[in-house]
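**Q**
Residue numbers (the working numbering), protein chains in the order written: chain L, 6 to 110; chain A, 490 to 976.
#1: Looking only at DSSP bridge pairs, what is residue 724/A linked to?
#2: In chain A, what lies closer than 7 Å to residue 95/L by C-beta?
#3: Is residue 751/A buried or exposed, if buried means 16 or more other CB atoms sit within 10 Å of its CB?
#4: Cβ closer than 8 Å: which chain L residues qualify as neighbours of residue 625/A?
#5: For residue 20/L, list the residues DSSP reports as bridge partners.
#6: Does residue 750/A get closer than 8 Å to chain L when you measure Cβ to Cβ?
#7: When DSSP labels each residue in this structure, what does residue 604/A get in the three-state scheme?
#8: Report all residues from its chain with a CB closer than 7 Å to the CB of residue 537/A; omit the five preceding and five following residues, and keep chain order.
#9: Output yes if chain L places a C-beta closer than 8 Å to the C-beta of residue 572/A; else output no.
#10: What ranges does the alpha helix (DSSP H) occupy inside the stretch 541-599 of chain A, keeping only unbroken runs of at least 4 residues that lie completely in it?
#11: Apply the 10 Å Cβ neighbour rule to residue 840/A and answer buried if 16 or more other Cβ atoms are within range, or exposed otherwise.
#12: Hey, residue 776/A and residue 849/A: beta-carbon distance below 8 Å or not?
#13: Can you pull out the residues from the stretch 15-30 of chain L whose beta carbon lies closer than 8 Å to at least one beta carbon of chain A?
#14: Cα-Cα, which of 596/A, 507/A, 541/A, 573/A is closest to residue 774/A?
#15: Check whether the Cβ of residue 73/L lies closer than 8 Å to any Cβ atom in chain D.
#16: If you reduce the DSSP assignment to three classes, tell me which class residue 907/A lands in.
#17: Using the Cα positions of residue 865/A and residue 601/A, report the straight-line distance between them to the nearest angstrom.
#18: If the cut is a Cβ gap below 9 Å, which residues of chain A does residue 67/L touch?
#19: Listed in chain order, which residues of the stretch 538-567 of chain A have Cβ atoms closer than 8 Å to some Cβ of chain L?
#20: Taking the alpha carbon of residue 628/A as the point to measure from, which residue in 783/A, 506/A, 894/A, 871/A has its own alpha carbon closest?
#21: What beta strand (DSSP E) runs, 3 residues minimum, are completely inside the stretch 767-837 of chain A?
#22: Compute the distance between the beta-carbons of residue 663/A and residue 706/A, then report whether it is under 8 Å.
#23: Can you find a CB in chain A that lies within less than 8 Å of the CB of residue 63/L?
#24: Between the beta-carbon of residue 73/L and the beta-carbon of residue 913/A, is there less than 8 Å?
#25: Can you tell me whether residue 826/A is buried or exposed? The criterion is at least 16 other CB atoms within 10 Å of its CB, across all chains shown.
#26: Is residue 735/A helix, strand or coil by DSSP?
#27: Using a Cβ cut-off of 8 Å (strictly closer), state whether residue 59/L contacts chain A.
#28: According to DSSP, is residue 633/A part of a helix, a strand, or is it coil?
#29: Along the chain, where does the beta strand (DSSP E) containing residue 889/A start, and where does it finish?
#30: Would the stretch 32-48 of chain L and the stretch 78-88 of chain L be scored as touching if the rule is three or more Cβ pairs under 8 Å?
#31: Once you ignore the five residues that flank residue 701/A on each side, which residues in its own chain have a CB closer than 8 Å to its CB?
#32: Less than 8 Å between the C-beta atoms of residue 871/A and residue 895/A, yes or no?
#33: Where does residue 104/L sit, in a helix, a strand or coil, going by DSSP?
#34: Please list the terminal residues of the continuous beta strand (DSSP E) segment that includes residue 513/A.
#35: Is residue 771/A near residue 806/A, with beta carbons less than 8 Å apart?
#36: Spell out whether any CB of chain A is found under 8 Å from the CB atom of residue 70/L.
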């Protein structure tokens, strides 16, 4: 199960993903991708993602590709060690560097 | 509810109109902290030139296991290094690519090992390359994927980015059906390749082998050069690769190159004839068979060691794999045996080098040779044959060329030979040594004309133009299922 919240903030939009970024969640990611609008900054926050599989990763790639064309800047945020490791192993964090999460500020 | 992350975000990575995806990046360095240098080879230079013009990117492995370096620019090209762990290197590269696919695709010269764990790693690494390409490609970009290590990337990339145009070029042979059928994952490999819009092979025989395989295993048909894959059409054709002719020519005409060639002949004892072999130390190259053919000529007295010296350069490669270690043992044992029997003090019959030479060191060797022996048991193209011809600005030199090298389709004025036939190989080497000078020059002129007309830049441009044209290729025959309105 994947829950996606779009949190507009003053200087940026945050797309917050919670749950499992797996094949069962790809439709939700696709829907969120379709809703992306022209904006200044976007952060895709994966802090609430517990598990990622290949279809989930593919959906994330599609989201990032679309975000790149729609926004001035885009970043990823994540603190879950297994997801951070995956993003690192697949080289995704080299293209979309992970931003330090600063929840609660 | 957690608050939005307030971290600063970076600019989106640049999207590139042209992306090359290959197992290796086009750079290398001698130490971990050393400077990156462009890898040698005409293909790298040709692709780098094309990418530089279009602000393109190259995705590949940086050459050392473990952590990958950050993305960087080199000579105006954006390079994205991908990581391979030690386990991935063993399973993907050494294992599946070089112990399963390489021997299978080279006529089954050695038995392949089909390990399901290696296959899983091959899939996993191909997914990594596809993801990276998907992330750096601009909308509608052209992505050109290279070689047998990445045969799944075309379809994986198509899933991720249906908007991009995908080309694939296989640098090694594609095997006939009887051999390809052995591969436990044959359907997956074929499906992987058919994700491309344009698939290129070195020889027409490979095109036909591929078409036969997809017809048999995937029920995919068409009228070559087109194959119908669902609603798409895939162009499949032969695009024989070449060398950087201008670079070779420039080196060959340098006075110091010519002088070095003369010095080399003197150091060899100024023999009447110099035979030369230049190969990676790979069991597909037929080095053992070639040495045996030379030994046979010495044995039967048609050739005397004092008159004729063989120089064999064997470039180190894949030394951790047993097939390669065994090949090296055989080659070195044979060289020792021939020299022990036929050499003289200070004058071995075979001068053997197990090292890597630069192009500037190779060209004088090419010029010092009377006969170039390019006799692989199987080879996608073999660029040594073309380098030799391009280096012979003096119009001399005889090329003995295996029928099993892709170059044999084009260089028909070489002395073509079946290297599996020991007697024929000895005979053709002898014919080359004895060839009248007028015939030598006539044959070399014809070979050089072919090589000069097929520069690697033209090859790269031609492939990319075909990829850009796509379905609108007006000068090529449309597939029969395309009606007038669609055409």
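All C-beta atoms, glycine included, are put in the ideal place defined by N, C-alpha and C. None of the values given here were measured: they were computed from a predicted structure.
**A** Once the coordinates are examined:
#1: DSSP lists 687/A, 715/A as partners of residue 724/A.
#2: Under the 7 Å cutoff, chain A gives 617, 620.
#3: Residue 751/A is exposed by the Cβ-count criterion.
#4: Chain-ordered, the chain L residues with CB closer than 8 Å to the CB of residue 625/A read 100.
#5: Beta-bridge pairing links residue 20/L to 11/L, 49/L.
#6: No, because no Cβ of chain L sits closer than 8 Å to the Cβ of residue 750/A.
#7: Three-state result, residue 604/A: coil.
#8: Within the same chain, residue 537/A has close Cβ partners 515, 527, 564, 566.
#9: Contact with chain L is found for residue 572/A, since one of that chain's Cβ atoms lies less than 8 Å from the residue's Cβ.
#10: DSSP runs (the alpha helix (DSSP H)) wholly in the stretch 541-599 of chain A: 591-594.
#11: Per the 10 Å Cβ criterion, buried.
#12: Their beta carbons are not under 8 Å apart, which means residue 776/A does not touch residue 849/A by this criterion.
#13: Result list: 17, 19, 21.
#14: For the residues 596/A, 507/A, 541/A, 573/A, the minimum Cα distance to residue 774/A belongs to 596/A.
#15: The structure shown has no chain D; the protein chains it does contain are L and A.
#16: If DSSP states are grouped into helix, strand and coil, residue 907/A belongs with coil.
#17: So the two alpha carbons sit approximately 19 Å from each other.
#18: Those are 623, 649, 650, listed as they occur along chain A.
#19: Per Cβ criterion, the list reads 557, 559, 560.
#20: Looking at the Cα atoms, 506/A is the closest of the given residues.
#21: Every beta strand (DSSP E) stretch that sits fully inside the stretch 767-837 of chain A and reaches 3 residues is listed by chain position as 797-804.
#22: No, the pair does not count as a contact, with Cβ atoms beyond the cut-off.
#23: Taking Cβ atoms only, chain A reaches closer than 8 Å to residue 63/L, which makes this a yes.
#24: No, the pair does not count as a contact, with Cβ atoms beyond the cut-off.
#25: Under the 10 Å beta carbon count, residue 826/A is surrounded by fewer than 16 other beta carbons and is classified as exposed.
#26: Of the three classes helix, strand and coil, the one that applies to residue 735/A here is helix, per DSSP.
#27: Judged by the 8 Å Cβ criterion, residue 59/L is in contact with chain A.
#28: DSSP places residue 633/A in strand when its eight states are reduced to three.
#29: Residue range 887-891 is occupied by the beta strand (DSSP E) that includes residue 889/A.
#30: These segments touch.
#31: Cβ neighbours of residue 701/A within its own chain (closer than 8 Å, five residues either side excluded): 665, 666.
#32: The Cβ-Cβ distance between residue 871/A and residue 895/A falls below 8 Å.
#33: Annotated three-state conformation of residue 104/L is strand, per DSSP.
#34: Where residue 513/A is concerned, the enclosing beta strand (DSSP E) stretches over 505-513.
#35: Between residue 771/A and residue 806/A, the C-beta gap is smaller than 8 Å, which places the two residues in contact.
#36: Taking CB atoms only, residue 70/L has a neighbour in chain A less than 8 Å away.
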